[in-house]
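Q: Could you have a look at this structure, given as structure tokens, before my questions?
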Amino acid sequence: MSRLIVVSNRVAKTDGATKGSEGGLAVGVMAAMEKAGGVWFGWSGKVENKNEPAKHEVRGNIEYVTVNLRQSEYNQYYKGYANSVLWPLFHQRPELMRYSDADLSGYLQANNKFANELLKIIQPDDTIWIHDYHLIPLGKMLRDAGIKNSIGFFLHTPFPSLDLLRTVPGYQKILKGLLHYDLVGFQTQADHMGFCMGVAQGLGGEILKNDRLRFEDRHCTARVYPISVETSALPEAATAGEASDEYKRLYNSLADRKLIIGVDRLDYSKGLVQRFQAYDKLLGHYKEFIRKAVYLQISPTSRGDVQAYGDLAKRIDREAGHIIGTYADFDWMPLRYLNRGFRRRTILAMYRLANVGLVTPLKDGMNLVAKEYVAAQNPENPGVLVLSELAGAADEFDSAVIVNPYDVSGITGGLAQALNMPLDERIDRWRKMMDVLEQHDIHAWQKSFLEDLHSLTHPQIAQAVN
Ligand code: G6P
2 MSRLIVVSNR
12 VAKTDGATKG
22 SEGGLAVGVM
32 AAMEKAGGVW
42 FGWSGKVENK
52 NEPAKHEVRG
62 NIEYVTVNLR
72 QSEYNQYYKG
82 YANSVLWPLF
92 HQRPELMRYS
102 DADLSGYLQA
112 NNKFANELLK
122 IIQPDDTIWI
132 HDYHLIPLGK
142 MLRDAGIKNS
152 IGFFLHTPFP
162 SLDLLRTVPG
172 YQKILKGLLH
182 YDLVGFQTQA
192 DHMGFCMGVA
202 QGLGGEILKN
212 DRLRFEDRHC
222 TARVYPISVE
232 TSALPEAATA
242 GEASDEYKRL
252 YNSLADRKLI
262 IGVDRLDYSK
272 GLVQRFQAYD
282 KLLGHYKEFI
292 RKAVYLQISP
302 TSRGDVQAYG
312 DLAKRIDREA
322 GHIIGTYADF
332 DWMPLRYLNR
342 GFRRRTILAM
352 YRLANVGLVT
362 PLKDGMNLVA
372 KEYVAAQNPE
382 NPGVLVLSEL
392 AGAADEFDSA
402 VIVNPYDVSG
412 ITGGLAQALN
422 MPLDERIDRW
432 RKMMDVLEQH
442 DIHAWQKSFL
452 EDLHSLTHPQ
462 IAQAVN
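So, in structure tokens, the structure goes:
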């Protein structure tokens, strides 16, 4: 077995103690790597202008190799091109893009720094798996430096249609960058289609058989690998979380009221404004929920120094204030809105307690909160998932209560339906979603990607084994 080197901008260092703002990549990759082991290379999370060597640290099965970012790299690469151009673009919000040539060049420089550090540790047999939009050019940089290893890439976010992609100057470079990988993985068919059409119509490349793409002298394979969760481990973790002080206090404070839970980084892609408005409508139109429901929204601050995120935080504060001012009583708080995270197992226990999991992103690659909410439920009395049709997870979860995240009244209706759903229907819907998660967990996700990568780059060995 060759050694696996996973590369991502964000590296999750611990499982249980995370504060919950890391997002799906860190959660998913951590669950996959904890079992398989390997090297995890990425940003240390620190901004430091001194030139320090990469830090090596072994924890369990994983060797973490991390580098600091200089202030200019943080500004131009992380805050700039990655999170003020690619993130809004890939989440269908071009009006929030802030493009500058300087940020693009900082993005390339930071990728180059990652490449130079990786060159120090890559051995000839290693399999290299690069993750997410921060690091699209890295594969080409490694190839240019003579690296011949298998290199795969997985995009955790959506991938836009060509029409949208064209809004960013130099969009061809994004497509060409991805073509340097042996295998490129997407979350959904639509993302995969966006890329293939981009290559064919935006570059004039060819779509060949077996998911192969060709442009000039480059070939790559692009397929769909929907990310998942560690299905079998989550119920036990939720039970462990029930022992926490926070869980007990939440439980006692509900006093038999129904709990709606939302857990999202404070990000404009998550549809929080529409979600709060839908809850406002629920209390306005369905009087039976007055004093009988509590909505707990846990939203740790994320990328707070990017302007669009600061603006969103103010907007959400106003919506929350409006709901509380309108409906709260001296002994009932309809909304509990928190800008901080909790240990994962505590969150999982909260999911199990909640009658409704409310997951309504305006656009999301997959959304692992939706999958975790389902996996954490009590099989005898499961809660109901209200899910945006624009989250990747909706492709697999057609038995959730599916809503359009822009349709405030539709979300209100979905919430009322979920809160009133009889037990047999709840069990039936939950079972169908759980079947998906049992057949396809995070380990199956990792295995299918890496096996495909291996057989694409070692065709003779794969044939002999078959
Ligand atoms: C999403 C992205 C990840 C990212 C995470 C948290 O899940 O796909 O790449 O790590 O958000 O965002 P942050 O900017 O804090 O790393």
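Numbering (this note's numbering), first residue to last: 2 to 467.
Think of the CB as a built atom: it goes at the ideal place given N, C-alpha and C, for glycine as much as any other residue.
None of these values were measured; they are calculated from a predicted model.
(1) In the stretch 51-137, which residue ranges form an unbroken alpha helix (DSSP H) of at least 4 residues, counting only runs that do not cross its ends?
(2) Bridge partners for K259 per DSSP, in chain order?
(3) Do the stretch 168-178 and the stretch 194-204 meet, that is, are 3 or more Cβ pairs less than 8 angstroms apart?
(4) Let me confirm a value: G358 is counted as buried when at least 16 other C-beta atoms fall within 10 Å, else exposed. Which label applies?
(5) Count the other CB atoms within 10 Å of the CB of H441; is the residue buried (16 or more) or exposed (fewer)?
(6) Measure the C-alpha to C-alpha separation of Y296 and R432 and round it to an integer number of angstroms.
(7) Rounded to whole angstroms, what is the Cα-Cα separation between Q188 and S300?
(8) Assign S400 to one of two classes, buried (16 or more other C-beta atoms within 10 Å of its C-beta) or exposed (fewer than that).
(9) Can you tell me whether D145 is helix, strand or coil according to DSSP?
(10) How many Å lie between T361 and N113 at the Cα?
(11) Give the secondary structure of A18 by DSSP, where H, G and I count as helix, E and B as strand, and everything else as coil.
(12) By DSSP, does A238 sit in helix, in strand, or in coil?
(13) Is A116 near M142, with beta carbons less than 8 angstroms apart?
(14) For the stretch 206-219 and the stretch 164-173, state whether three or more C-beta atom pairs, one from each stretch, are separated by less than 8 angstroms.
(15) Shortest alpha-carbon distance to K364 belongs to which of E247, D218, L90, N69?
(16) Hey, is R345 close to ligand 1, as in C-beta under 7 angstroms from one of its heavy atoms?
(17) Would you check whether ligand 1 has a heavy atom nearer than 7 angstroms to the C-beta of D192?
(18) Given 7 angstroms as the limit, tell me if D104 has its C-beta closer than that to any heavy atom belonging to ligand 1.
(19) Would the beta-carbon of L26 be found less than 7 angstroms away from any heavy atom of ligand 1?
(20) On the criterion of 16 or more Cβ atoms from any shown chain inside 10 Å, does H92 qualify as buried, or is it exposed?
A: So, to answer that:
(1) Taken in chain order, the complete alpha helix (DSSP H) segments of 4 or more residues contained in the stretch 51-137 are 88-91, 102-120.
(2) DSSP lists A294 as partners of K259.
(3) Look at the beta carbons and you see the stretch 168-178 touching the stretch 194-204: at least three pairs across the two are nearer than 8 angstroms.
(4) Burial call: buried.
(5) Result: buried.
(6) Between Y296 and R432, the alpha-carbon positions lie close to 25 angstroms from each other.
(7) Spanning the two alpha carbons is a distance of roughly 24 angstroms.
(8) Around the beta-carbon of S400, 16 or more other beta-carbon atoms lie within 10 Å, marking it buried.
(9) DSSP, read as helix, strand or coil, puts D145 in helix.
(10) Between T361 and N113, the C-alpha separation is close to 36 angstroms.
(11) Note that A18 scores 47 on pLDDT, short of 50, meaning its location in the model is unreliable; the coordinates nonetheless yield the value given after this. Three-state DSSP puts A18 in coil, outside helix and strand.
(12) Looking at A238 - three-state DSSP - the assignment turns out to be helix.
(13) Going by beta carbons, A116 and M142 fall inside the 8 angstroms limit.
(14) No, because fewer than three Cβ pairs between the stretch 206-219 and the stretch 164-173 fall closer than 8 angstroms, the two stretches do not touch.
(15) The residue with the shortest Cα to Cα distance from K364 is L90.
(16) No - ligand 1 has no heavy atom lying nearer than 7 angstroms to the Cβ of R345.
(17) Outside the cutoff, so no.
(18) The nearest non-hydrogen atom of ligand 1 is 7 angstroms or more from the C-beta of D104.
(19) Yes, the beta carbon of L26 sits closer than 7 angstroms to at least one heavy atom of ligand 1.
(20) With 16 or more other Cβ atoms within 10 Å, it is buried.
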